[in-house]
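Q: Just dropping this structure here.
Protein chains in written order, with the working numbering: chain A, 1 to 197; chain B, 198 to 473.
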């Protein structure tokens with residue numbers, strides 16, 4: 001469960017996010033849509049605990065994980081270590097998650113040896129290996145071809161159903177929101193506000 | 198074959214194409230061969246020039262310098278001075294790398310601190326080595342502390358500038374990833390920051406080592422009673438050009454050994470993830 005009661009988030013004199021309330025329970029997926037520059041990324045960074053400079057209150061679980069727009073793997077660590085080091089998972093668990101996303105046997109590769117689709121799968125495995133209570137998905141499947149996206153969406157839906165974290169998904173793609181979101185909200189205006197429905 | 202080694206493709210069986218180890222080994226040996234031939238060619242050009250000039254006391258060729266070098270090394274006569282110089286190089290190198298790295302990281306992390314101290318660094322970087330050496334000898338005295346301090350002070354700003362660029366060029370997205378997943382302080386530095394600084398650390402070490410040993414010789418020339426710089430001073434006073442070249446050659450050999458035995462393997466190791 002995550003609860004955010006935001007009064008205001010500003011950068012300098014610009015108010016980026018206005019007052020908004022957001023609650024997501026375990027197993028729920030809140031899909032947030034909104035045009036580029038609407039403040040989605042700012043909101044996600046607050047939820048992820050990366051940006052703590054805002055007015056308002058947040059109650060978030062300590063076990064969080066995020067799938068980023070870019071895979072964000074450490075290129076100088078092998079694939080398996082890219083799962084173990086950030087999440088603290090043991091080797092067996094990390095290997096099991098790799099297998100789960102269809103990359104069994106890739107643990108000893110360097111991230112630079114993977115295709116973009118494979119790297120995104122590693123990002124997904126890393127997120128679930130952290131056993132998060134809050135999972136944040138920031139345009140997790142951009143710049144993949146349609147077939148690949150479909151495949152990864154199925155996998156993600158399956159993993160969410162199994163592990164039941166509270167999920168916040170930001171996306172432009174109706175396909176992703178339709179497939180994953182149990183509730184939807186739009187972020188619009190300036191400063192941006194959240195309207196559910 | 199080479200592109201296959203860089204990007205192994207998954208096969209139907211789930212395995213990958215193994216990197217052709219033999220090929221890369223062969224390439225390494227070919228590179229060593231090229232280096233050897235290149236050095237021999239340089240010696241040949243030197244010998245030809247000396248022969249054309251025909252004045253061994255002013256322009257000695259390798260046939261005069263190399264026997265002198267061999268005599269000095271094999272009899273052990275050169276070793277105490279080589280050792281003294283080496284000790285000064287190592288001490289000032291370690292000092293300068295530590296101080297320069299810390300300074301560079303601080304300046305790279307904080308825009309505001311950098312705005313204040315950047316002009317200082319520019320001035321420091323442009324003070325001639327000789328001025329720092331003379332000032333250290335005058336302030337601290339004609340001793341070992343002054344010599345090592347003077348050399349280290351010459352190198353610190355160079356290391357700081359290189360490391361500052363390294364810190365600035367780091368990928369903020371990875372730091373963010375580490376914070377979301379709650380990686381600890383030590384893990385964040387060990388797995389995120391240091392690997393990104395490694396190429397800059399190695400560049401600073403290389404540039405710094407080359408600078409340091411040149412400055413050490415000047416320091417010894419001016420105010421020490423042992424070391425290569427001191428011996429070159431003696432040879433200079435006796436107008437012994439072959440002697441000057443032999444001492445210089447001895448230390449060049451030592452520094453090449455450091456490059457090949459320590460720095461190059463370190464660099465290969467740090468860059469392994471780019472090459473496989």
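Every residue gets a Cβ at the ideal spot worked out from N, C-alpha and C, and that includes glycine.
Note that the structure is a prediction, hence the values are computed from the model and not measured.
(1) When you compare only the Cα positions, how much space is there between residue 276 of chain B and residue 353 of chain B?
(2) Taking a Cβ distance cut-off of 7 Å, strictly less, list which residues of the region 373 to 389 of chain B are near chain A, in chain order.
(3) For residue 200 of chain A, count neighbouring C-beta atoms within 10 Å of its own C-beta (all shown protein chains included) and say buried if the count is 16 or more, exposed if not.
(4) So, helix, strand or coil for residue 33 of chain A, using DSSP?
(5) Report the neighbours of residue 211 of chain A on chain B: residues whose CB is nearer than 8 Å to its CB, in chain order.
(6) Measuring CA to CA, which of B/267, B/237, B/228, B/231 is closest to residue 443 of chain B?
(7) Taking the continuous alpha helix (DSSP H) assigned at residue 448 of chain B, which residues delimit it?
(8) Buried or exposed for residue 410 of chain B, please, with buried defined as at least 16 other CB atoms from any protein chain shown within 10 angstroms of its CB.
(9) Rounded to whole angstroms, how far is the Cβ of residue 406 of chain B from the Cβ of residue 455 of chain B, which I believe are closer than 8 Å?
(10) Along the beta strand (DSSP E) that carries residue 11 of chain A, what are the first and last residues, could you check?
(11) Pull up the distance between the alpha-carbon of residue 254 of chain B and that of residue 245 of chain B, whole angstroms please.
(12) Which same chain residues end up closer than 6 Å to residue 20 of chain A when comparing Cβ atoms and leaving out the 5 residues on each side of it in sequence?
(13) Just checking: is the beta-carbon of residue 396 of chain B within a distance shorter than 7 Å of some beta-carbon in chain A?
(14) Flag this pair as yes or no: are the beta carbons of residue 166 of chain A and residue 2 of chain A separated by less than 7 Å?
(15) For the region 45 to 65 of chain A, enumerate the residues whose C-beta is nearer than 9 Å to any C-beta of chain B, in chain order.
(16) What's the gap between the Cα of residue 397 of chain B and the Cα of residue 303 of chain B?
(17) Where are the alpha helix (DSSP H) runs, 4 residues long or more, that stay fully inside the region 381 to 435 of chain B, in chain order?
(18) DSSP state of residue 196 of chain A, grouped into three classes?
(19) Cutting at 6 Å between CB atoms, please list the residues of its own chain near residue 23 of chain A, excluding the five before and the five after it.
(20) Applying the 10 Å Cβ sphere with the 16-neighbour rule, what's the burial state of residue 278 of chain B?
(21) Distance check for residue 289 of chain B and residue 297 of chain B, CA to CA, integer angstroms please.
(22) Quick one: is residue 75 of chain A near chain B, going by C-beta distance under 7 Å?
(23) Establish whether the CB of residue 347 of chain B and some CB of chain A are separated by less than 7 Å.
(24) In the region 25 to 97 of chain A, which residue ranges form an unbroken beta strand (DSSP E) of at least 3 residues, counting only runs that do not cross its ends?
(25) Determine the contact status of residue 258 of chain B and residue 247 of chain B, defining contact as a CB-CB distance below 7 Å.
(26) Please report the distance separating the alpha-carbon of residue 79 of chain A from that of residue 94 of chain A.
(27) Give, in chain order, every unbroken run of the beta strand (DSSP E) that is at least 3 residues long and sits entirely within the region 118 to 157 of chain A.
(28) I need the boundaries of the beta strand (DSSP E) containing residue 168 of chain A, first residue and last residue.
(29) From residue 100 of chain A to residue 360 of chain B, what distance separates their C-alpha atoms?
(30) Answer with yes or no whether the minimum CB distance from residue 97 of chain A to chain B is below 7 Å.
(31) Anything in the region 445 to 470 of chain B with a Cβ closer than 7 Å to a Cβ of chain A? List those residues in chain order, please.
(32) Are there 16 or more other CB atoms within 10 angstroms of the CB of residue 363 of chain B, so buried, or fewer, so exposed?
A: Short version:
(1) Your numbering for residue 276 of chain B matches position 79 in the second chain. Your numbering for residue 353 of chain B matches position 156 in the second chain. When rounded, the distance between both Cα atoms is 29 Å.
(2) Listed in sequence order: 373, 374, 375, 376, 377, 378, 380, 384, 388, 389.
(3) Residue 200 of chain A is absent from the model: chain A starts at 1 and stops at 197.
(4) Residue numbering aside, residue 33 of chain A sits at position 33 when the first chain is read from its first letter. The DSSP-derived three-state label of residue 33 of chain A is strand.
(5) Because chain A here runs from 1 to 197, residue 211 of chain A falls outside it and cannot be looked at.
(6) Here residue 443 of chain B corresponds to residue number 246 of the second chain, with the count starting at 1. For residue 443 of chain B, the nearest C-alpha among the options comes from B/267.
(7) For the purposes of this step, residue 448 of chain B is taken as the residue at position 251 of the second chain. For residue 448 of chain B, the enclosing alpha helix (DSSP H) begins and ends at 438 to 455.
(8) Along the second chain, one-based indexing puts residue 410 of chain B at 213. Residue 410 of chain B comes out buried.
(9) Along the second chain, read from residue 1 onward, the residue named residue 406 of chain B stands at position 209. Along the second chain, read from residue 1 onward, the residue named residue 455 of chain B stands at position 258. Correct: roughly 7 Å between the Cβ atoms.
(10) By 1-based counting over the first chain, the position of residue 11 of chain A is 11. That run of the beta strand (DSSP E) goes 2 to 11.
(11) As a first step, residue 254 of chain B is located in the second chain; it is residue number 57 there, counting from the start. As a first step, residue 245 of chain B is located in the second chain; it is residue number 48 there, counting from the start. Each residue's Cα considered, the two are about 16 Å apart.
(12) Here residue 20 of chain A corresponds to residue number 20 of the first chain, with the count starting at 1. These residues qualify, in order along the chain: 6, 193, 194.
(13) The residue labelled residue 396 of chain B in the question sits at position 199 within the second chain. With 7 Å as the cut-off, residue 396 of chain B does not count as an interface residue toward chain A.
(14) As a working note, residue 166 of chain A is residue 166 in the first chain. As a working note, residue 2 of chain A is residue 2 in the first chain. Yes, the pair counts as a contact, with Cβ atoms nearer than the cut-off.
(15) Residues passing the 9 Å Cβ filter: 45, 48, 49, 50, 62, 63, 64, 65.
(16) For the purposes of this step, residue 397 of chain B is identified with residue 200 of the second chain, where counting begins at 1. For the purposes of this step, residue 303 of chain B is identified with residue 106 of the second chain, where counting begins at 1. Approximately 15 Å, taken between the alpha carbons.
(17) 391 to 420, 425 to 434
(18) By 1-based counting over the first chain, the position of residue 196 of chain A is 196. DSSP, read as helix, strand or coil, puts residue 196 of chain A in strand.
(19) Stepping through the first chain from its first residue, residue 23 of chain A is reached at position 23. For residue 23 of chain A, where only same-chain residues beyond five positions count, the Cβ hits under 6 Å are 3.
(20) Walking along the second chain from the start, residue 278 of chain B turns up at place 81. Buried, since its Cβ has 16 or more Cβ neighbours within 10 Å.
(21) Taking the first residue of the second chain as position 1, residue 297 of chain B is located at position 100. Taking the first residue of the second chain as position 1, residue 289 of chain B is located at position 92. Rounded to whole angstroms, residue 297 of chain B to residue 289 of chain B spans 12 Å at the Cα level.
(22) For this step, residue 75 of chain A is matched to residue 75 along the first chain. By this cut-off, residue 75 of chain A is an interface position.
(23) One-based indexing of the second chain puts residue 347 of chain B at position 150. Taking Cβ atoms only, chain A never reaches closer than 7 Å to residue 347 of chain B, which makes this a no.
(24) Listed in chain order, they are 29 to 33, 55 to 59, 64 to 67.
(25) In the second chain, counting from the first residue as 1, residue 258 of chain B sits at position 61. In the second chain, counting from the first residue as 1, residue 247 of chain B sits at position 50. Yes.
(26) Reading the first chain from its first residue, position 79 is the one you call residue 79 of chain A. Reading the first chain from its first residue, position 94 is the one you call residue 94 of chain A. Those two C-alpha atoms are separated by around 10 Å.
(27) 134 to 138
(28) The sequence position of residue 168 of chain A within the first chain is 168, counting from 1. Note, residue 168 of chain A: beta strand (DSSP E), 166 to 170.
(29) Looking up residue 100 of chain A in the first chain gives position 100. Looking up residue 360 of chain B in the second chain gives position 163. Cα-Cα distance, rounded: 41 Å.
(30) In the first chain, residue 97 of chain A corresponds to position 97, counting from 1. False, the Cβ-Cβ gap to chain B never drops below 7 Å.
(31) 470
(32) Translated into the one-based positions of the second chain, residue 363 of chain B becomes position 166. With 16 or more other Cβ atoms within 10 Å, it is buried.
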